[in-house]
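Q:
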Ligand SMILES: [Zn+2]
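Below, the structure is given as structure tokens:
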């Protein structure tokens, strides 16, 4: 039993294996390895995802079950799930160029372009600050200014700095810093928090206030 963010319903769900695992033997650098493919059904939406992973234990070799191997991908094995989750967020109150960059960051992630995803997330945070008239040098100072001006809370500012840390490697040419699928997903959710805090929540509050006033004047 695995838990993934389902690429169909974009929700964190349990998925259940639906049938046989297809196993292909792969030889590389003298080590025997196996590429395994399997289908899983989402317990939430009922749709199928395919997972491919590389393993040193043939999942179809039942002798491994006595060692606790289930024949399913393990957390430490490189797993690729298809379809990958796309943008889970709508950004209706975010300025268009920033919203489209945020959506593109999700698109990068779904294509397995994890470094590009975090580099764009970093750009989204920086351009959010600029759109709010913050022009300090560097992204760190801009995040601090967002917090100092009360546009984001302290907790969200910490998240924005996490995006900065991960995005800096890709943005400044330190390409040796690995970015995993999990890292990139985490960063994209953090990016969503920042956009929510700066644009979405205030717009929602303004709409509610306007509706309340309209009701008062037309009882
Ligand atoms: Zn689903």
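Residue numbers (the working numbering): 5 to 223. Each residue gets a CB set at the ideal place from its N, CA and C atoms; glycine is no exception.
Near ligand 1, which residues have their beta-carbon closer than 7 angstroms to a heavy atom?
A: This selection yields 10, 12, 13, 15, 17, 46, 48, 49 and 51.
Q: Under 6 angstroms Cβ to Cβ from residue 120, same chain only, skipping five residues before and after it: list those, please.
A: Result list for residue 120: 112, in chain order.
Q: When DSSP builds the beta bridges, which residues end up paired with residue 46?
A: The secondary-structure analysis by DSSP pairs residue 46 across a beta bridge with 19.
Q: Assign residue 157 to one of three DSSP states: helix, strand, or coil.
A: coil
Q: Within the region 52-131, note down every full beta strand (DSSP E) run reaching 3 residues or more, in order along the chain.
A: With a minimum length of 3 residues, the continuous beta strand (DSSP E) runs that stay inside the region 52-131 are 52-59 and 83-86.
Q: Are the region 187-204 and the region 150-161 in contact at 8 angstroms, needing three or more beta carbon pairs?
A: Flag = yes, the region 187-204 and the region 150-161 touch.
Q: Just checking my contact of residue 46 with residue 53 at CB under 8 angstroms: how many whole Å lie between their CB atoms?
A: Contact flag correct, Cβ pair sits at about 7 angstroms.
Q: If the criterion is Cβ atoms closer than 9 angstroms, does the pair residue 25 and residue 63 meet it?
A: yes
Q: Would you mind working out which of 179, 8 and 10 sits nearest residue 118, comparing C-alpha positions?
A: 179
Q: Would residue 198 and residue 164 be called neighbours here (beta carbons separated by less than 9 angstroms)?
A: yes
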